[in-house]
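Taking it in order: structure first as structure tokens, then the write-up.
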Amino acid sequence: MFELEVKDVFKITGRGYVLAGEITESGSILRNGDTLVNKEDREQKIYVTSIEMLNYGSVARKINHIGILTEISDEAAKALVGKRLCKE
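In structure tokens:
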């Protein structure tokens, strides 16, 4: 199972919100087009538009900080800080 703890959110005008966080469980692969669900509210689904790896360099290493671009409302984005999202 893939699980992400959302640490911060920020808006990119005209593109959507970036959910920046730390991967806490990497048992599966996350890809563009996948859907994440809020562990506390399984009805809330987040469609992954794009993925950005943070702290990524040319040396192979374990990457556990990512940003996920998604199109959600302002209220929904702000409410996700501190929440855990898992792959559906």
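Take the sequence shown: its position 5, counted from the start at 1, is 9 in this note's numbering, and no numbers get skipped.
The beta carbon of each residue, even a glycine, is placed where N, CA and C say it ideally should be.
Please state if the CB of residue 24 and the CB of residue 12 are separated by a distance shorter than 7 Å.
-> Translated into positions along the sequence shown, residue 12 becomes position 8. Translated into positions along the sequence shown, residue 24 becomes position 20. Cβ atoms of residue 12 and residue 24: closer than 7 Å.
Own chain, CB closer than 7 Å to residue 91, minus 5 neighbours either side, in chain order | Here residue 91 is taken as the residue at index 87 of the sequence shown, counted from 1. These residues qualify, in order along the chain: 5, 6, 32, 34, 38 and 40.
Look at the Cβ atom of residue 52, then the Cβ atom of residue 72, and state whether they are nearer than 7 Å.
-> Indexing the sequence shown from 1 puts residue 52 at position 48. Indexing the sequence shown from 1 puts residue 72 at position 68. Cβ distance < 7 Å, so residue 52 and residue 72 count as in contact.
Where residue 12 falls: helix, strand or coil (DSSP) | Residue 12 sits at position 8 when you count from the first residue of the sequence shown. In this structure, residue 12 counts as strand in the three-state DSSP scheme.
In DSSP terms, what residue 49 is bridged to = In the sequence shown, residue 49 corresponds to position 45, counting from 1. For residue 49, which the question treats as bridged, DSSP gives the partners 41.
Rank 10, 30, 77 and 49 by C-alpha distance to the C-alpha of residue 17 and give the top, closest one.
-> Mapped onto the sequence shown, residue 17 falls at position 13. Per the Cα distances, 77.
Name the DSSP beta bridge partners of residue 22, please?
-> As a first step, residue 22 must be located in the sequence shown, where it is residue number 18. According to DSSP, which records beta bridges pairwise, residue 22 is partnered with 14 and 73.
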